[in-house]
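Peer 1:
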Amino acid sequence: MSSSLIENTKASVITHVSELGFFLNQVSDMPSPGQILMVQPTHYSIDYVINPHMEGNEGTVDKKKALQEWGKIRDTFKSNGLKVQTIEGQPGMPDMVFCANQSLPYVDENGNKKVIMSIMRSEHRKNEVPFIEQWYRQNGYQVIYIDPPGIESFEGMGDAIWHNKRRLLWGGYGYRTSSKAYDFISRTYNVPVITLELNNPFFYHLDTCFCILNEDTVLIYPKAFTRDSLDLVQAVFKNIIEADTKAAEQNFACNATSDGTNVVIQKGSNEVKDKLKLLGFNVQEVETGEFIKSGGSVFCMKCVVW
Ligand code: ARG
């Protein structure tokens with residue numbers, strides 16, 4: 000492999016398989032995030048519609064049930080050895096509980112903690128960002144804003160997902176994030192970004208149809224991606240688990256969270272569950288029904304932090 004190819008293990012944006020000039024083991028290691036950030040669902044509700052899942056669900060959240068579901072997820076993360084940090088939800092910010100969306104944190108090769116703050120697409124969610132930013136400021140992160148013109152929106156870890164333990168980012172776009180955001184992110188963090196175009200409005204964030212389970216394994220819903228994007232996924236991962244339509248659409252199975260061993264996932268997707276078990280994963284089922292009504296499940300109710 001020529002040296003020019005190896006160079007794109009640093010800042011570069013990859014949109015097509017032909018540009019993929021490296022093997023995963025050439026991308027430098029990144030320490031696992033030992034902590035999880037969560038926002039308490041005290042003010043969680045469905046007050047407006049900004050994705051197809053929310054339609055017809057305004058005012059239907061059972062707050063007590065939502066709080067129980069959220070508590071179980073938090074406890075599951077804790078039992079897996081993760082330290083959980085919580086931020087209080089804010090009145091008038093019913094979606095703040097989905098705290099994958101307001102930021103993209105990173106730790107560089109010298110151990111410096113950095114975070115790029117999101118530009119939320121919907122006016123309804125813009126006020127959430129400063130509250131999350133405050134947490135980062137109090138916890139030693141360098142806070143970075145996206146400033147180049149032409150980037151309308153970027154929704155953090157809803158669309159930008161770190162490859163398991165590698166300085167490699169997967170960047171979804173099409174609904175909530177401008178593809179141009181990834182040029183900025185790639186240069187700012189000095190990492191390659193593989194961009195994936197989404198083409199199904201029910202899967203409006205990358206984390207609704209793409210879940211990295213370990214270095215070599217991903218769970219996806221293929222019908223949410225363009226052909227070029229699927230080719231990229233197939234070129235990088237050895238094992239691809241495909242979720243069936245019911246699991247992906249109704250159970251948000253791809254919005255699971257994996258630490259490489261344990262997979263925390265919405266209850267009931269038996270086919271997916273069997274495939275996960277066959278590959279040796281420990282499946283931990285939880286109930287997230289109150290949050291699926293709003294278009295989210297396990298993955299997007301937390302942000303991984305260092
Ligand atoms: N109601 C929220 C929205 O539409 C749900 C966000 C879920 N987040 C996610 N990363 N999938 O913005």
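Residue numbers (numbering that gives the first Met the number 0): 0 to 305.
Where is the CB? At the ideal position from N, CA and C, for every residue including glycine.
#1: Starting from the C-beta of Met116, find all residues in its chain whose C-beta is less than 6 Å away, skip the five residues before and the five after it, and write them out in chain order.
#2: With which residues is Phe209 paired in a DSSP beta bridge?
#3: Hey, is the region 191 to 205 in contact with the region 239 to 246, meaning 3+ C-beta pairs nearer than 8 Å?
#4: Considering only residues of the region 55 to 94, which uninterrupted alpha helix (DSSP H) runs meet the minimum length of 4 residues and lie entirely inside it, listed in chain order?
#5: Just to confirm the assignment, what range does the beta strand (DSSP E) spanning Lys112 have?
#6: Which partner residues of Gln101 appear in the DSSP bridge assignment?
#7: Since Arg124 contacts Asp94 with CB under 8 Å, what's their CB separation in whole angstroms?
#8: For Pro104, does the count of other Cβ atoms within 10 angstroms reach 16, so buried, or fall short, so exposed?
#9: Does the ligand ARG have even one heavy atom less than 7 Å from the beta-carbon of Ile49?
#10: Let's test the definition: count the other Cβ atoms within 10 Å of the Cβ of Val142 and tell me whether it reaches 16, buried, or not, exposed.
#11: For Ala234, which residues does DSSP report across the bridge?
#12: Nearer than 7 Å: is that true of the beta carbon of Thr244 relative to any heavy atom of the ligand ARG?
#13: With distances taken Cα to Cα, identify the nearest neighbour of Arg165 among Ser31, Ile13, Trp305 and Ala10.
#14: Quick test of your reading: Val295 and Asn254, contact by CB under 8 Å. State the CB separation rounded to the nearest angstrom.
#15: Pick helix, strand or coil for Ile264, following the three-state DSSP scheme.
#16: Return the chain-ordered list of same chain residues with a C-beta closer than 7 Å to the C-beta of Ile239, the five sequence neighbours on each side being excluded.
#17: Compute the minimum distance between the beta carbon of Asp307 and the heavy atoms of the ligand ARG, and state whether it is under 7 Å.
#18: Give me whichever residues DSSP pairs with Ala159 in a beta bridge.
#19: Is Phe97 close to the ligand ARG? I mean its beta-carbon at under 7 Å from any heavy atom of the ligand.
#20: Okay, do the region 50 to 57 and the region 84 to 92 touch, 3+ Cβ pairs below 8 Å being the bar?
#21: Evaluate contact between the region 76 to 83 and the region 264 to 271, counting only Cβ atoms and requiring at least three cross-stretch pairs below 8 Å.
#22: Measuring straight from C-alpha to C-alpha, what distance separates Lys9 and Asp158?
#23: When the Cα atoms are used, what is the spatial distance from Tyr203 to Gln137?
#24: Cβ atoms of Val96 and Tyr47: under 8 Å apart, would you say?
Peer 2: Result, derived from the coordinates:
#1: Translated into the one-based positions of the sequence shown, residue 116 becomes position 117. Closer than 6 Å at the Cβ level, and outside the excluded window around Met116, lie Ser102, Val128, Glu132 and Tyr144.
#2: As a first step, residue 209 is located in the sequence shown; it is residue number 210 there, counting from the start. Paired residues: Ile219.
#3: no
#4: 62 to 78
#5: Sequence index remark: in the sequence shown, residue 112 carries index 113 (1-based). Lys112 to Met116 is the span of the beta strand (DSSP E), which, as asked, contains Lys112.
#6: What you label residue 101 is simply residue 102 of the sequence shown in a count that begins at 1. DSSP, once it has assigned bridges, lists no residue as partnering Gln101.
#7: One-based indexing of the sequence shown puts residue 124 at position 125. One-based indexing of the sequence shown puts residue 94 at position 95. Correct: roughly 5 Å between the Cβ atoms.
#8: Locating residue 104 in the sequence shown gives position 105, counting from the first residue. Buried is the call here.
#9: For the purposes of this step, residue 49 is taken as residue 50 along the sequence shown, with counting starting at 1. Yes, the Cβ of Ile49 comes within 7 Å of a heavy atom of the ligand ARG.
#10: Taking the sequence shown and counting its residues from 1, the one referred to as residue 142 is at position 143. Classification for Val142: exposed.
#11: Locating residue 234 in the sequence shown gives position 235, where the first residue counts as 1. DSSP, once it has assigned bridges, lists no residue as partnering Ala234.
#12: Stepping through the sequence shown from its first residue, residue 244 is reached at position 245. No, the ligand ARG has no heavy atom inside 7 Å of this Cβ.
#13: Residue 165 sits at position 166 when you count from the first residue of the sequence shown. Selected option, being the one with the closest Cα: Ser31.
#14: In the sequence shown, counting from the first residue as 1, residue 295 sits at position 296. In the sequence shown, counting from the first residue as 1, residue 254 sits at position 255. Per the sequence shown, residue 295 should be read as Gly rather than Val. Yes, they are in contact, since the Cβ atoms of Gly295 and Asn254 sit about 7 Å apart, within 8 Å.
#15: Locating residue 264 in the sequence shown gives position 265, where the first residue counts as 1. In the structure shown, Ile264 sits in a strand (DSSP, three-state: E or B).
#16: On the sequence shown, position 240 is the one that residue 239 refers to. The residues are Val217, Ile219, Val232 and Gln233.
#17: Since the first and last residues shown for the chain are 0 and 305, residue 307 lies out of range.
#18: Here residue 159 corresponds to residue number 160 of the sequence shown, with the count starting at 1. In DSSP, Ala159 forms a bridge with Gly170.
#19: As a position in the sequence shown, residue 97 is number 98, starting the count at 1. Yes - the ligand ARG has a heavy atom lying nearer than 7 Å to the Cβ of Phe97.
#20: no
#21: no
#22: To locate residue 9, count along the sequence shown from 1; it is residue 10. To locate residue 158, count along the sequence shown from 1; it is residue 159. Rounded to the nearest angstrom, the two C-alpha atoms are 20 Å apart.
#23: The residue labelled residue 203 in the question sits at position 204 within the sequence shown. The residue labelled residue 137 in the question sits at position 138 within the sequence shown. Approximately 31 Å between the Cα atoms of the pair.
#24: Within the sequence shown, residue 47 is the residue found at index 48, counting from 1. Within the sequence shown, residue 96 is the residue found at index 97, counting from 1. Their beta carbons are not under 8 Å apart, which means Tyr47 does not touch Val96 by this criterion.
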